[in-house]
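Below: the structure, in structure tokens.
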Amino acid sequence: MGQRASMEDQEGQRVDNDQEGRLEEVADRFLNGYLDNRQMSHHRFAQVRESFLELTSRHNNSQRGPIARNRTKSKRDNRTRSPSFLNETEEFYHADECCPKKFEIIMDSEPVEQKVMEEHAWNPNDRSLNIFVKEDDPLTLHRHPVAQSTDCIRGKVGYSHGFHVWKITWPRRQRGTHAVIGVATKEARLHAVGYTSLIGSTSDSYGWDIVRLKCSHDARHKEQWDYPNNEYIPNGLFGDTQEVPESIYCILDMDEGYMAFATDDNYLGVAFRGLRGKTLYPIVSAVWGHCEITIGYMGGFPPEAPSLMSTCRRVIRSHLGRRNIKNIYDLNLSKHCIDYLLYK
Numbered sequence: 001m002g003q004r005a006s007m008e009d010q011e012g013q014r015v016d017n018d019q020e021g022r023l024e025e026v027a028d029r030f031l032n033g034y035l036d037n038r039q040m041s042h043h044r045f046a047q048v049r050e051s052f053l054e055l056t057s058r059h060n061n062s063q064r065g066p067i068a069r070n071r072t073k074s075k076r077d078n079r080t081r082s083p084s085f086l087n088e089t090e091e092f093y094h095a096d097e098c099c100p101k102k103f104e105i106i107m108d109s110e111p112v113e114q115k116v117m118e119e120h121a122w123n124p125n126d127r128s129l130n131i132f133v134k135e136d137d138p139l140t141l142h143r144h145p146v147a148q149s150t151d152c153i154r155g156k157v158g159y160s161h162g163f164h165v166w167k168i169t170w171p172r173r174q175r176g177t178h179a180v181i182g183v184a185t186k187e188a189r190l191h192a193v194g195y196t197s198l199i200g201s202t203s204d205s206y207g208w209d210i211v212r213l214k215c216s217h218d219a220r221h222k223e224q225w226d227y228p229n230n231e232y233i234p235n236g237l238f239g240d241t242q243e244v245p246e247s248i249y250c251i252l253d254m255d256e257g258y259m260a261f262a263t264d265d266n267y268l269g270v271a272f273r274g275l276r277g278k279t280l281y282p283i284v285s286a287v288w289g290h291c292e293i294t295i296g297y298m299g300g301f302p303p304e305a306p307s308l309m310s311t312c313r314r315v316i317r318s319h320l321g322r323r324n325i326k327n328i329y330d331l332n333l334s335k336h337c338i339d340y341l342l343y344k
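When you line the sequence shown up against UniProt numbering, it's residues 1 to 344, in that order.
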């Protein structure tokens with residue numbers, strides 16, 4: 001009897017999850033279609049979406065309680081399942097603690113030449129058919145107002161080595177329900193039917209949804225996770241509206257094997273790790289009709305052979321982990337060595 005009850009509970013949970021997934025799909029389809037050509041702030045758009053979901057959920061079954069997003073939050077802590085949230089087996093980067101020095105150097109440098117920016121711009125031959133690169137601005141894409149479609153475009157250059165930074169400029173009122181930025185391999189899909197967070201849905205891509213503030217990789221088999229991580233990021237990170245700014249900096253270190261993001265005001269931390277050995281391209285996925293997204297390559301550093309000292313530092317820091325990094329002062333080492341281990 002106990003086993004049968006357990007099976008019935010599991011089946012009931014699966015049905016609930018399917019219904020909730022269909023409900024969110026209906027909400028996204030309605031809102032993206034109805035509001036496509038209407039002026040509305042992203043903050044107000046999110047409020048309308050939440051109200052629509054809650055109202056429809058109550059109408060379908062008054063006994064079901066809160067909508068899926070609230071219920072799942074009480075069941076699990078997304079951070080514990082996050083590839084960006086460290087456990088004993090994951091590598092611990094200096095970028096987990098503070099902004100990479102190379103990024104600061106690039107931000108303080110003169111802008112790269114227009115020719116270089118165009119060499120690293122969107123690839124007009126590697127896109128969904130619903131997207132085109134503007135003739136008068138090769139750094140900017142334009143998406144056709146096609147309903148029930150999620151569309152992507154990759155950059156021209158794939159990165160397998162070195163340190164690279166590019167800026168994505170995406171107006172807040174042109175994001176809709178799913179606006180995702182990240183990196184992907186050459187094999188990642190560029191189109192899907194319906195409105196979805198396409199980047200990060202498979203093992204070929206890594207995506208940050210700047211509307212939902214969720215990261216995903218191989219989402220068909222793994223949970224999404226909150227980003228930025230609230231445990232290490234103060235409240236009010238993006239101002240009173242809690243909206244991601246129009247300009248976001250993508251930081252890709254293929255030598256260390258991680259990707260991070262930053263704004264003009266804040267370094268947001270590592271989002272994805274374990275990227276070494278891959279060739280990854282900048283990518284975005286959009287659902288909003290007539291949205292225009294600009295990519296601007298900021299610069300980079302060529303790959304560097306790690307020194308013996310830096311290798312030892314990485315091993316020691318990885319062994320200690322984020323939680324125990326403070327115990328580094330208990331090691332029988334000189335102040336000079338401890339400062340080196342702490343990147344001081």
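Glycine included, each C-beta is placed from N, C-alpha and C at the ideal position.
The closest CA to that of Asp-204, considering only Arg-189, Ala-95, Ser-197, is found on Arg-189. Around the beta-carbon of Arg-323, fewer than 16 other beta-carbon atoms lie within 10 Å, marking it exposed. Straight-line measurement puts the Cα of Pro-302 at about 30 angstroms from the Cα of Ala-179. Across the set Lys-335, Ser-197, Ile-328, Gly-296, the C-alpha of Ser-197 shows the shortest separation from the C-alpha of Gln-148. Note on Asn-125: under 16 other CB atoms within 10 angstroms of its CB, so exposed under the neighbour-count rule.
For the set Gly-296, Tyr-340, Thr-311, the Cα lying nearest the Cα of Thr-140 is the one of Gly-296.
Excluding the 5 residues flanking it on each side, Cys-99 has same chain C-beta neighbours closer than 8 angstroms at Ala-262, Tyr-267, in chain order. In its chain, beyond the 5 residues on either side, Thr-140, His-142 have a beta carbon closer than 6 angstroms to the beta carbon of Glu-292. DSSP places Arg-172 within a helical segment (H, G or I) once states are collapsed to three. Here Asp-226 is buried, its C-beta having at least 16 other C-beta atoms within 10 Å. When secondary structure is reduced to three states using DSSP, Val-157 falls in the coil class, being assigned neither helix nor strand. According to the DSSP assignment, Leu-268 belongs to no alpha helix (DSSP H) but to the beta strand (DSSP E) extending over 267-273.
Distance from the CA of Val-244 to the CA of Thr-169, rounded to the nearest whole angstrom, comes to 11 angstroms.
Rounded to whole angstroms, the gap between the alpha carbons of Gly-176 and Val-146 is 13 angstroms.
Here Ala-121 is actually not in contact with Gly-158; their C-beta atoms are around 14 angstroms apart, not less than 8 angstroms. A distance below 6 angstroms between beta-carbons, with the five flanking residues on each side excluded, links His-290 to the following residues of its chain, in chain order: Pro-145. Put simply, of Thr-294, Ile-248, Val-287, Lys-101 the residue whose alpha carbon is nearest the alpha carbon of Val-133 is Thr-294. Assignment of Thr-202 by DSSP, reduced to helix, strand and coil, places it in the coil class. Taking a C-beta distance under 8 angstroms as the contact criterion, Gly-194 and Thr-150 qualify as a contact pair. Thr-140 sits in a strand when the DSSP states are folded into three classes. By the Cβ neighbour-count rule, Asn-332 is exposed, with fewer than 16 other Cβ atoms within 10 Å of its own. Judged by DSSP in its simplified three-state form, Lys-278 adopts coil rather than helix or strand. Non-local C-beta neighbours of Phe-163 in its own chain, meaning closer than 7 angstroms and more than five positions away in sequence, comprise Lys-102, Asp-253, Asp-255, Gly-300, Phe-301, ordered along the chain. The continuous alpha helix (DSSP H) containing Tyr-340 extends over residues 335-341. In the three-state scheme derived from DSSP, where H, G and I count as helix and E and B as strand, Asn-130 is classed as coil. For Thr-294, no alpha helix (DSSP H) encloses it; the enclosing beta strand (DSSP E) starts and ends at 292-301.
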